[in-house]
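Residue numbers for the sequence shown follow our numbering, so the first one is 50 and each next one is one higher.
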Amino acid sequence: MDKARVIGIYNQKGGVGKTTTAVHLAGQMALDGKKVLLIDGDAQGNATDFYLKGDLNIFTDESSTTIRQEITCLHHILDKESDIREAIVTVKKEASRKIKNLFKTLICELDIIPSSTYLNYYQADDSDGNDAYFVLKDALDDVIEEYDFIIIDFPPSFTTTTFVLLAACDYVIAPCELANRESLTGYYSLDDSIRNVNEELGLNIKNMGLLYTNVMDYKHDQKEDYESSLEEDINMFETYIRHCYKPIKDSKNNNMPIGMFSPLSKAGIDYKNLAIEIYNKLEDEEVVKNG
């Protein structure tokens with residue numbers, strides 16, 4: 050790819066595995082040898098914490114979630130106070146894992162743009178008109194050819210910040226919990242949000258699909274719900290992320306993506322398959338586009 054595909058992970062409904070999907074998908078793509086930039090677009094900073102917590106160059110102390118004042122974060126870019134390169138933090142992790150009776154060294158290297166609570170106070174400059182909403186998209190133009198994928202973790206709301214993040218995306222993935230049908234409301238509202246942004250700003254952002262998370266496929270009712278969803282008129286991924294509480298929790302505690310911490314766990318396998326499905330979708334799209 051000549052330039053990065055920018056993929057947003059977004060659902061207006063909270064607690065659906067949005068940040069979990071962003072950090073583990075970005076990590077898996079990096080493990081696959083892709084050049085990845087992860088942007089934490091949520092003021093809660095959970096994606097930042099996942100990869101950087103304990104780093105005294107970033108945080109005030111090892112157990113703190115308070116970022117040092119001198120660290121450049123996403124809000125500095127949106128406010129045009131800093132160049133995007135000043136905000137990029139490179140993370141490299143290595144781990145030895147036994148796979149198919151052989152020990153293999155796994156390397157995960159990716160870049161992150163951290164977030165902080167100051168993002169809560171961001172407001173687009175109305176004097177710039179619609180140009181204000183292109184502030185992140187324009188900033189990314191400086192680095193877009195240096196990556197294969199840029200993954201953006203969204204806040205669970207629709208605000209000015211959300212509008213700016215959406216305007217920077219090529220595609221959006223909507224995580225939804227299969228057991229929580231209310232999360233589908235967030236998926237349907239996503240279509241409206243994308244349509245509004247496309248129409249207002251003249252863009253062509255695409256809904257890549259619904260991604261079911263935390264699926265307990267050993268439960269008969271959830272298996273039936275998933276199978277019935279396949280028959281509905283919903284653009285959804287064939288891959289779904291199975292419930293995998295302890296490995297996911299332990300991977301977070303060790304600041305490692307699940308594909309590195311526990312590649313053979315249910316979630317490790319599922320995020321690997323999700324990345325493959327995304328690669329295939331994009332390849333198929335290129336074939337159609339090029340005729």
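Backbone N, C-alpha and C fix where the C-beta goes; we use that ideal spot for every residue, glycine too.
Ile137 sits in coil when the DSSP states are folded into three classes, being neither helix nor strand. Cβ contact annotation for Ser300 (same chain, cutoff 7 Å, sequence separation greater than five): Pro306, Ile307, Phe310 and Ser311, in chain order. By the neighbour-count criterion, in which a residue is buried when 16 or more other Cβ atoms sit within 10 angstroms of its Cβ, Gln77 is buried.
Leaving aside the five residues that flank Leu127 on each side, the residues in its chain whose CB is nearer than 7 Å to its CB run, in chain order, Tyr171, Val184, Leu185 and Val213. Gly64 counts as exposed, since fewer than 16 other beta carbons sit within 10 angstroms of its beta carbon. Comparing alpha-carbon positions, the option among Leu313, Ile327, Glu195 and Met285 lying closest to Lys149 turns out to be Leu313. Between the C-alpha atoms of Asn179 and Asn253 there is a straight-line separation of about 16 Å. Using a Cβ-Cβ distance cut-off of 8 Å, the region 223-239 and the region 187-203 are not in contact, since fewer than three pairs of beta carbons, one from each stretch, lie closer than that value. Annotation note: the region 169-228 contains the following uninterrupted beta strand (DSSP E) runs of length 3 or greater, listed N- to C-terminal: 198-202 and 220-226.
Assignment of Glu119 by DSSP, reduced to helix, strand and coil, places it in the coil class.
Spanning the alpha carbons of Ser113 and Lys102 requires a straight line of approximately 8 Å.
An exposed status is given to Gln118, since fewer than 16 other beta-carbon atoms sit within 10 Å of its beta-carbon. Taking 8 Å as the cut-off, the Cβ atoms of Ile56 and Ile161 do not count as close.
In the DSSP secondary-structure assignment, Lys153 is bridged to Arg146.
Glu158 carries a strand assignment under DSSP once its states are collapsed to helix, strand and coil. Beta-bridge annotation (DSSP): Asn256 is paired with Val221. Around the CB of Arg230, fewer than 16 other CB atoms lie within 10 Å, so the residue is classed as exposed. Note on Ser206: under 16 other CB atoms within 10 angstroms of its CB, so exposed under the neighbour-count rule. The secondary-structure analysis by DSSP pairs Phe108 across a beta bridge with Ile116. Under the DSSP assignment, Ile88 falls in the beta strand (DSSP E) whose first and last residues are Val85 to Asp89.
About 15 Å separates the CB atoms of Asp104 and Ser164; that is not less than 8 Å, and the two are not in contact. Sequence-distant Cβ neighbours of Thr166 in its own chain, meaning closer than 6 Å and more than five residues away, are Ala92.
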